[in-house]
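Participant:
Residue numbers (the working numbering): 2 to 155.
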């Protein structure tokens, strides 16, 4: 009886250690490099541009993703994007605005019915109004890290 009690304690301790390691590990599915987002001074047009690598695959160079849209307000704020492209791959991306910032979501179809999706949240503190040389030259730009990871979302 004592042996089974010790065995049970050892298994429980191992399970607790495994659970902790699983919880602490992030599920990174994409790496973003060279992220840029800004609006054009003296214009309402805004651009997003970055390179995205699908982790855990043979993809090492990534694909260039770009999109442009009319910004919101004056001076223009970074707008939402739906179905931004990363040619020639099947990857797409969305930018979703919220009160606290914007979320970048990258998606790739991996089978007929399955997609891999990853997201990264950009806080409002990383989106700033840049003063231009003239009053109408002010513009909005992302000023956070250029490289970051996107974690799996379902």
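Beta carbons are placed, not taken as given, at the ideal position from N, Cα and C, and that holds for glycine.
Between which residues of its own chain and residue 78 is the CB-CB distance below 7 angstroms, once the five residues before and five after are set aside?
Facilitator: Position 77 of the chain shown holds residue 78. Same-chain partners within the cutoff: 72 and 141.
Participant: Alpha carbon to alpha carbon, how far is residue 82 from residue 43? Give it in angstroms, no decimals.
Facilitator: Reading the chain shown from its first residue, position 42 is the one you call residue 43. Reading the chain shown from its first residue, position 81 is the one you call residue 82. Distance between residue 43 and residue 82, taken at the CA atoms: about 21 angstroms.
Participant: Is it buried or exposed, residue 111, if we count other Cβ atoms within 10 angstroms and call 16 or more buried?
Facilitator: Against the chain shown, residue 111 aligns to sequence position 110. Residue 111 is exposed by the Cβ-count criterion.
Participant: Under a Cβ-count criterion, where at least 16 other Cβ atoms within 10 Å of its own Cβ denotes burial, should residue 75 be classed as buried or exposed?
Facilitator: Within the chain shown, numbered from 1, the residue matching residue 75 stands at position 74. So residue 75 ends up on the exposed side.
Participant: Under a three-way DSSP split, which group does residue 152 fall into?
Facilitator: As a position in the chain shown, residue 152 is number 151, starting the count at 1. In this structure, residue 152 counts as strand in the three-state DSSP scheme.
Participant: Cα separation between residue 28 and residue 120?
Facilitator: For this step, residue 28 is matched to residue 27 along the chain shown. For this step, residue 120 is matched to residue 119 along the chain shown. Using only the alpha carbons, I get a separation of about 11 angstroms.
Participant: From residue 64 to residue 133, what does the alpha carbon distance come to, in whole angstroms?
Facilitator: Position 63 of the chain shown holds residue 64. Position 132 of the chain shown holds residue 133. Going by the C-alpha atoms only, they are around 32 angstroms apart.
Participant: Would you identify the three-state DSSP class for residue 138, choosing helix, strand or coil?
Facilitator: Counted from its first residue, the chain shown places residue 138 at position 137. Looking at residue 138 - three-state DSSP - the assignment turns out to be helix.
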